[in-house]
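This report concerns only the one structure given below.
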Amino acid sequence: RYDSPFASARDNGRVMCTYHEFPATAGRPGVKAILRVRPIRQDERSVVDRWDRAGHVALIKPGMAPIEMVKFMTAYGGAIEHEVDVTHLAPLLTGHCGFEVFIDTWVTPAWTVDVDLVFTPGAGTSAPRWATGLFFVDGGLKAELPEVSGSLTIPEGTRRTRLHVMVSGHCTDGRDADEFVTKDNVILVDGVEVFRFRPWRDDCGELRALNPYCARWSDGSWSSDYSRSGWCPGDVVLPVVVDLSAWLAPGEHEVTYRVEDIRPADDEGHHGYWRVSAHLTGWR
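According to the numbering used here, the stretch in the sequence shown is residues 132 to 415, in order.
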């Protein structure tokens with residue numbers, strides 16, 4: 132139903148897949164991803180989907196986990212446009228590349244998405260030498276499955292490595308944990324804890340203008356204003372970047388990501404969960 136000459140659909144149009152052949156580039160280019168997400172109108176006064184929805188643009192390469200190039204949340208029924216620097220993924224943006232665009236909507240048709248990649252020759256002088264997808268959790272981490280691991284081999288000659296984590300906390304009923312109450316996120320290398328943090332955004336009120344269909348409550352607050360676990364309606368989720376150079380010497384390693392004390396399912400089946408993926412970059 133939603134297939135086109137340049138893309139194929141899965142999951143009733145919630146996922147669109149396409150590919151592109153990129154030529155080899157001389158030097159180190161800078162790369163920007165330009166994302167445009169627009170709601171489909173139902174009539175002159177309303178849109179089909181007025182809720183905030185999780186979404187991503189993922190790079191698909193063989194032999195590695197999918198990489199979330201851009202992770203975002205739609206606005207409450209509003210259009211958004213964002214520009215994201217993805218120069219650190221330039222080593223992978225050559226040859227055959229698959230791309231997956233996803234929005235977690237349950238109505239259809241709901242949204243249109245346009246993505247452009249802009250290459251600027253010579254602007255990526257500080258780009259890494261290599262990049263690889265480490266893990267991508269389909270459906271999110273939950274109380275019964277609170278961690279994920281990925282194995283990789285660090286190439287000889289690598290002197291610096293960085294882990295790029297895309298993470299956001301959610302709940303199925305819009306109450307409390309793990310969307311409005313954050314939790315400890317822990318990174319381990321070869322079983323040793325190396326980093327701990329709590330994803331949080333407390334500036335969501337600055338994006339109210341992007342959210343025309345958010346609710347206003349009796350206390351005068353707006354749904355889009357509330358602080359959340361690493362995200363805001365209508366904005367991209369920026370990566371948490373962790374330098375792992377001290378723990379990732381050349382050779383084989385395992386990186387584990389764990390979220391502690393995830394809210395378990397209650398009697399009605401509602402629970403907290405965390406959408407998370409990670410990729411690694413390296414310099415020689």
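All C-beta atoms, glycine included, are put in the ideal place defined by N, C-alpha and C. Here the structure is a predicted model, which is why all the values come from computation and not from measurement.
Under 8 Å between C-beta atoms of residue i and residue j
i    : j    : result
Y344 : R132 : no
E152 : G270 : no
H295 : T387 : no
D350 : R329 : no
L190 : L166 : no
G229 : Y150 : yes
L272 : W405 : yes
D235 : R306 : no
R332 : W353 : no
V320 : L379 : yes
V246 : A164 : yes
F233 : G186 : yes
V416 : V367 : Residue 416 is absent from the model: the chain starts at 132 and stops at 415.
D356 : G336 : yes
V317 : E383 : no
P154 : A254 : no
P170 : P222 : no
Residue i in three-state terms, based on DSSP
i    : result
T149 : strand
R389 : strand
N316 : strand
P222 : helix
D356 : helix
C335 : helix
A185 : strand
A308 : strand
A164 : strand
L341 : helix
Per-residue burial, residue i [other beta carbons within 10 Å of its own, 16 or more giving buried]
i    : result
P252 : exposed
F203 : buried
D309 : buried
R172 : exposed
G403 : buried
R176 : exposed
S360 : buried
N143 : exposed
A377 : exposed
V162 : buried
R145 : buried
P193 : exposed
T313 : buried
T243 : exposed
D134 : exposed
T256 : exposed
E212 : exposed
A196 : buried
G158 : exposed
E399 : exposed
V188 : buried
Residue(s) in a DSSP beta bridge with residue i
i    : result
A262 : T412
S135 : A138
S299 : R406
T243 : R169
D374 : R293
M204 : A185
V323 : V320
S282 : E385
T256 : Bridge partners of T256: none, in fact.
C228 : H151
R347 : W353
H401 : DSSP lists no partner for H401.
V249 : K163
V273 : The displayed chain sequence assigns Lys, not Val, to residue 273. Looking at the DSSP assignment, K273 forms a beta bridge with L276.
Near the ligand ADP: residue i beta-carbon under 7 Å from a heavy atom
i    : result
T292 : Questions concerning the ligand ADP fall outside what the structure shown contains, since it holds no ligand whatsoever.
Residue-level contact to chain D via CB, residue i, 8 Å cutoff
i    : result
F203 : No chain D appears in the structure shown, which is made up of a single protein chain.
Give a yes or no on contact between the region 403-411 and the region 295-305, applying the rule of three or more CB pairs nearer than 8 Å. Contact check between the region 403-411 and the region 295-305: three or more CB pairs, one atom from each, fall below 8 Å, which counts as touching.
Specify whether the region 258-270 and the region 278-289 touch according to this definition: at least 3 beta carbon pairs, one from each stretch, less than 8 Å apart. Yes, they touch.
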